[in-house]
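Peer 1: Can you keep this structure in mind? I'll have questions shortly.
2 protein chains.
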Amino acid sequence: MLRAAIALADERGVEALTMRRLATELGVEAMSLYHYVAKKDDVLDGVVDVLASEINDAVAEIDVPTAGAAWQSAARQRILTARQVMLRHPWAPRVFATRTVMSPATILYHDRLVGLMRDGGFSYDLAHRAMHALGSRSLGFTQEMFDPGGSMPAEADPEVLLGDFATMVPNLVGMLVDAQAHVDPESRLGWCDDQAEFEFGLDLILDGLERLVSR
Amino acid sequence: MLRAAIALADERGVEALTMRRLATELGVEAMSLYHYVAKKDDVLDGVVDVLASEINDAVAEIDVPTAGAAWQSAARQRILTARQVMLRHPWAPRVFATRTVMSPATILYHDRLVGLMRDGGFSYDLAHRAMHALGSRSLGFTQEMFDPGGSMPAEADPEVLLGDFATMVPNLVGMLVDAQAHVDPESRLGWCDDQAEFEFGLDLILDGLERLVSR
DNA sequence: ACCTGAACACCGTTCAAGT
DNA sequence: ACCTGAACACCGTTCAAGT
Chain A
1 MLRAAIALAD ERGVEALTMR RLATELGVEA MSLYHYVAKK DDVLDGVVDV LASEINDAVA
61 EIDVPTAGAA WQSAARQRIL TARQVMLRHP WAPRVFATRT VMSPATILYH DRLVGLMRDG
121 GFSYDLAHRA MHALGSRSLG FTQEMFDPGG SMPAEADPEV LLGDFATMVP NLVGMLVDAQ
181 AHVDPESRLG WCDDQAEFEF GLDLILDGLE RLVSR
Chain B
1 MLRAAIALAD ERGVEALTMR RLATELGVEA MSLYHYVAKK DDVLDGVVDV LASEINDAVA
61 EIDVPTAGAA WQSAARQRIL TARQVMLRHP WAPRVFATRT VMSPATILYH DRLVGLMRDG
121 GFSYDLAHRA MHALGSRSLG FTQEMFDPGG SMPAEADPEV LLGDFATMVP NLVGMLVDAQ
181 AHVDPESRLG WCDDQAEFEF GLDLILDGLE RLVSR
């Protein structure tokens with residue numbers, strides 16, 4: 001059932017993931033699903049858990065040292081592996097964002113990540129702060145507010161377009177022109193968020209943490 | 001109308017923000033709203049824009065130097081000001097997360113933030129990467145995956161609870177025990193995300209950027 | 001234990017009609 | 001230009017009933 005839900009979201013988007021449609025996809029009447037779950041939220045919780053399990057499985061295959069300074073590249077590899085799983089389900093970040101309780105598999109994932117940092121010499125307190133600093137990045141995605149290569153100029157409000165765009169937002173326009181080089185329409189997760197940008201932000205945080213732990 | 005929508009979400013939650021309810025709140029029939037907007041998404045886009053304008057207004061009052069190394073504290077102050085606005089509307093992050101096009105006011109906000117970094121000596125390329133690294137943090141909120149002080153142990157799955165919790169996730173349990181000190185039930189935005197944690201992550205990124213720009 | 005059909009309360013949205 | 005009423009297609013969910 002959860003597998004079917006994920007397949008449905010993959011093929012036709014999250015908004016197509018409805019109890020009625022999921023039921024017909026399973027060759028069953030809509031209300032039969034309520035024998036296995038109490039409410040739709042349970043399905044979404046389950047979907048998140050399956051995805052997190054997929055990540056845990058992928059991450060479990062990684063066998064690298066974690067002690068001392070090695071924690072950093074180990075964490076990096078783990079998070080980028082998680083990201084690969086998430087990239088296969090571009091709708092997943094939005095579902096993760098709506099969950100209020102953390103799924104068992106997600107808890108497990110973060111426990112291991114904290115463990116890895118402990119191996120690297122982190123105090124519990126620093127590991128705690130590190131988790132907050134990473135936020136959703138620990139699972140391989142970010143919530144972007146800003147899409148410089150994307151739809152910005154095209155969809156801008158008339159008010160902004162009537163006044164000269166370049167005068168209203170000169171810095172963004174300058175950046176757009178300058179950034180023309182590395183626009184990559186592939187491999188985005190949510191907004192503009194290609195692999196290089198993700199890794200830049202991730203490394204910024206990991207480097208900062210390493211500096212703190214080795215001081 | 002947008003003001004009414006925000007008030008409604010503030011008082012009764014985003015899920016209560018429905019076209020029909022918004023209409024009755026305005027003392028009008030539900031379908032009258034469709035003379036001002038084409039679809040509900042337009043309302044949400046508008047709500048986001050009003051919030052971003054509120055942030056722009058608040059930020060405009062800040063008058064601090066931005067040249068050279070001063071960029072960092074100026075950016076910090078701006079982002080924490082944005083956060084104060086967001087904290088008044090705890091449902092807002094989720095709405096921001098669902099928008100696919102960036103509102104004019106949000107564009108403006110980011111343009112000024114890029115401008116500030118330019119004052120600080122950033123290349124367009126570094127400013128671009130900085131925006132990605134910050135992600136939604138630039139507007140004062142984060143997408144947290146992890147709630148150590150919150151509902152985690154209480155809501156854990158039977159499977160995890162039956163096996164000894166401390167054996168399943170020893171690192172999180174250790175962290176929870178250790179972290180008992182700084183649990184703050186107030187001032188959370190979304191998941192567990194208090195002011196100190198937000199500032200820690202923010203400074204980690206800003207410090208990393210400063211190091212890059214001053215190398 | 002598992003599934004169904006009919007029904008309820010609620011959505012967003014269309015459309016033809018009113019002033 | 002602005003508002004309305006009735007209606008449509010679609011939700012999630014309840015409930016009593018079937019096997």
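Protein sequence lines correspond, in order, to chains A and B. Residue numbers for the first sequence follow the UniProt record's numbering, so the first one is 1 and each next one is one higher. Residue numbers for the second sequence follow the UniProt record's numbering, so the first one is 1 and each next one is one higher. Glycine included, C-beta positions come from ideal geometry on N, C-alpha and C. Predicted model, so just to flag it, every value in this text is computed and none were measured.
1) State the start and end residues of the unbroken alpha helix (DSSP H) segment that holds B:E11.
2) A:E43: which of A:T167, A:L202, A:R99 sits nearest, CA to CA?
3) The ligand PLP and B:H89: does the residue's C-beta get closer than 7 Å to at least one heavy atom of that ligand?
4) Quick one: Cα of A:P170 to Cα of A:L176, how far?
5) Give me, in chain order, the residues of the same chain whose beta-carbon lies closer than 6 Å to that of A:S53; leave out the 5 immediate sequence neighbours on both sides.
6) Could you list the residues in the stretch 69-85 of chain B with a C-beta less than 8 Å from some C-beta on chain A, going in chain order?
7) Determine the DSSP secondary structure at B:K39, reduced to helix, strand or coil.
8) Taking Cβ-Cβ distances shorter than 8 Å, what residues in chain A pair up with B:V95?
9) Compare the C-beta of A:D111 with all C-beta atoms of chain B and state if any pair is closer than 8 Å.
10) Can you find a C-beta in chain B that's less than 8 Å from the C-beta of A:H128?
11) Quick one: list the residues of chain B neighbouring A:L139, beta-carbon separation under 8 Å, in chain order.
12) Excluding the 5 residues preceding and the 5 following A:G68 in the sequence, name in chain order all residues of the same chain whose CB lies nearer than 7 Å to its CB.
13) Once DSSP output is grouped into helix, strand and coil, what is the label at B:I79?
14) Could you work out which residues of chain A lie near B:D207, taking near to mean beta carbons separated by less than 7 Å?
15) Applying the 10 Å Cβ sphere with the 16-neighbour rule, what's the burial state of A:G135?
16) Please confirm whether A:A67 has its beta-carbon closer than 8 Å to some beta-carbon of chain B.
17) Show which residues of chain B have a CB atom less than 7 Å away from the CB atom of A:E197.
18) Using a C-beta to C-beta distance shorter than 7 Å, which residues of chain B count as neighbours of A:M175?
19) For a test of the three-state rule: what should DSSP assign to A:A133, helix, strand or coil?
20) Work out the CA separation of A:L202 and A:P148 for me, nearest whole Å.
21) Can you tell me whether DSSP reads B:E29 as helix, strand or coil?
22) Cβ closer than 9 Å: which chain B residues qualify as neighbours of A:N171?
23) Quick one: is B:G13 buried, meaning 16 or more other Cβ sit within 10 Å of its Cβ, or exposed?
24) Would you report the Cα separation of B:R188 and B:P90, rounded to the nearest angstrom?
25) Run the CB neighbour count on B:Q84, radius 10 Å, all protein chains shown included, and call it buried at 16 or more, exposed below.
26) If the cut-off is 7 Å on Cβ atoms, which residues from the stretch 41-67 of chain B count as contacting chain A, listed in chain order?
27) Assuming A:D34 is part of the alpha helix (DSSP H), what are its boundary residues?
28) Whose Cβ in chain A lies nearer than 9 Å to the Cβ of B:T98?
29) Any beta-carbon of chain A closer than 8 Å to the one on B:D178?
30) Terminal residues of the continuous alpha helix (DSSP H) containing A:T98?
Peer 2: According to the data block:
1) Run containing B:E11: 2-12, per the alpha helix (DSSP H) assignment.
2) For the sequence presented, residue 43 of chain A should be read as Val rather than Glu. Closest option to A:V43, Cα to Cα, is A:R99.
3) Within the structure as shown, the ligand PLP is missing, as the structure has no ligands at all.
4) Going from the Cα of A:P170 to the Cα of A:L176 covers about 10 Å.
5) Closer than 6 Å at Cβ, skipping near neighbours: A105.
6) Per Cβ criterion, the list is empty.
7) DSSP places B:K39 outside both helix and strand once states are collapsed to three, so it counts as coil.
8) What B:V95 touches in chain A: nothing, since even the nearest Cβ is about 11 Å away.
9) With 8 Å as the cut-off, A:D111 counts as an interface residue toward chain B.
10) So, interface residue.
11) Using a Cβ-Cβ cut-off of 8 Å, A:L139 is close to M145 of chain B, given in chain order.
12) Taken in chain order, the residues that qualify are G120, G121.
13) Shown here, B:I79 sits in a helix according to DSSP, grouped into three states.
14) In chain order: G208.
15) Classification for A:G135: buried.
16) Closer than 8 Å: no.
17) Result: R129, H132.
18) Within chain B, the residues near A:M175 are V114, Y124, A127, H128.
19) It is helical.
20) Per-residue confidence for A:P148 stands at a pLDDT of 43, beneath the threshold of 50, marking its modelled position as unreliable; the derived number appears in the next sentence. The alpha-carbon atoms of A:P148 and A:L202 are separated by roughly 19 Å.
21) Reduced to three states, the DSSP call for B:E29 is coil.
22) Identification of chain B residues near A:N171 by a Cβ-Cβ cut-off of 9 Å yields H110, D111, R112, L113, V114, G115, L116, M117, R118, Y124, A127, ordered along the chain.
23) Exposed: under 16 other Cβ atoms inside 10 Å.
24) Caution applies to B:R188, whose pLDDT of 41 falls short of 50 and renders its modelled position unreliable; the model cannot decide the point.
25) Classification for B:Q84: exposed.
26) Listed by position, the residues of the stretch 41-67 of chain B near chain A (Cβ gap below 7 Å) amount to none.
27) With the sequence shown as reference, residue 34 of chain A is identified as Tyr, and Asp is not the correct amino acid for it. Counting along the chain, A:Y34 falls outside any alpha helix (DSSP H), and DSSP gives it neither H nor E.
28) Simply R94, A97.
29) Among the residues facing chain A, B:D178 is included, as its CB has a counterpart in that chain under 8 Å away.
30) Secondary structure note for A:T98: its alpha helix (DSSP H) is the uninterrupted segment 92-98.
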